[in-house]
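In what follows, a structure is listed as structure tokens, so that the remarks can point back to it.
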Amino acid sequence: MSLAGTLDIQHLSKSYPVKNGDLSVLEDVTLTIAPGEFVSIVGSSGCGKSTLLRLIVGLEEDYQGQVLLDGQRIVGTSLRRGIVFQEHRLFPWLTVEHNIQLGLLNADLTPGQKRQAVREHIVLVGLEGFEKSYPHQLSGGMAQRVAIARALVSKPEILLLDEPFGALDALTRAYLQQELHRIWQAEGITMILVTHDVEEAIYLGDKVVVMEPRPGRIRRIVPVDLAHPRERAATAFAEVKQEVLKEFSGDSASLAEPPLRADAIDLEQIRQWQFAI
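The sequence shown: position 215 = 1017 (the working numbering), numbered continuously.
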């Protein structure tokens, strides 16, 4: 019996038409993610990680199998599911607070409630004092925190993250990993992270889903039974890392895969979207 907020992916397959037939991207993927769980997904190039996120968020509906939230098939985008891309996708002519407020464009809230929600999420991501700043006045890490706040401000049940820190330097990346963990604990929502960084996957995840490519299938699910805060230098952490890495020992493909990218968008397109961006 699924609990409220449970995400069930059942025998999911996805293909795209190509010149000589169909290209299979995902094949028979079955995965259950419990409410409030943090799940990391890693895999080599071509394993369909980003395609899987597109199906969960509702950007595509032409597939075989089931993608269910609370037992209901996901159809189209929704404020119940937020997404963060590698690029922050902030509008350069809007301030921090107005970029975050875009996540509430389709929310059934009064103007006052929207302003309050924006204030709360500026505090959540630690950007007090930068409310009136523009994207060009922010560091890369700060801009990505704005993107996370924008995705969370509508209170989604699930937050999808596709390489959100991939373009950042190592120190900023490590700091934001800590911040994302803090936010996950504070908000108590489900988070699904796609990454090619095995350490990042283990540091954040309750479990690591290892995928294999062409077509994308789940090779193994590695539980991460480590208490928080996690120490990367700890023996137990290294043991889990080895468990994940050995799944790639026979792969000729790189573990890295280009992240899901949002196409160029304008405000009118955003008005039609129904998920937290």
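No residue lacks a Cβ here, since even glycine has one placed at the ideal position from N, Cα and C.
Closest in alpha carbon position to G928, among I985, E1002, D872, T992, is I985.
In the displayed model, K916 falls within a helix according to three-state DSSP.
A distance below 8 Å separates the beta carbons of G848 and R1016. In the DSSP secondary-structure assignment, S842 is bridged to L995, V1010.
Note on P958: 16 or more other CB atoms within 10 angstroms of its CB, so buried under the neighbour-count rule. In the structure shown, the three-state DSSP call for I960 is strand. Across the structure, L1006 and Q979 are spaced so that their CA atoms are roughly 7 Å apart. DSSP places V831 in the uninterrupted beta strand (DSSP E) bounded by 823-835. Pairing N901 with R947 gives a Cβ-Cβ distance that is not under 8 Å. Residue nearest to E889 within the set P837, D964, R917 is D964 (criterion: CA-CA distance). Listed in chain order, the non-local C-beta contacts of E829 below 7 Å within the same chain comprise S815, P1017, G1018, R1019, local neighbours out to five positions each way being set aside. In the DSSP annotation of this structure, the continuous segment of the alpha helix (DSSP H) that includes R952 starts and ends at 942-954. Within a 10 Å sphere around the beta-carbon of T1037 sit fewer than 16 other beta-carbons, which makes this residue exposed.
Excluding residues up to 5 positions away in sequence, T897, V898 lie with their Cβ nearer than 7 Å to the Cβ of S935 in the same chain. The secondary-structure analysis by DSSP pairs G928 with nothing; it has no beta-bridge partner. Cβ-Cβ separation between K1048 and V1000: approximately 11 Å, too far for a contact (criterion under 8 Å). For the pair S846 and F1050, the CB atoms are nearer than the 8 Å cut-off. Bridge pairing for V1026: absent [DSSP].
Under the DSSP assignment, L854 falls in the alpha helix (DSSP H) whose first and last residues are 851-859. In this structure, the alpha-carbon of V877 lies about 43 Å from that of A1035. With distances taken between CA atoms, G942 lies nearest to Y977 out of S880, Y977, E922, V920.
Remark: C-beta atoms of P966 and V886 approach each other more closely than 8 Å. DSSP places L881 outside both helix and strand once states are collapsed to three, so it counts as coil.
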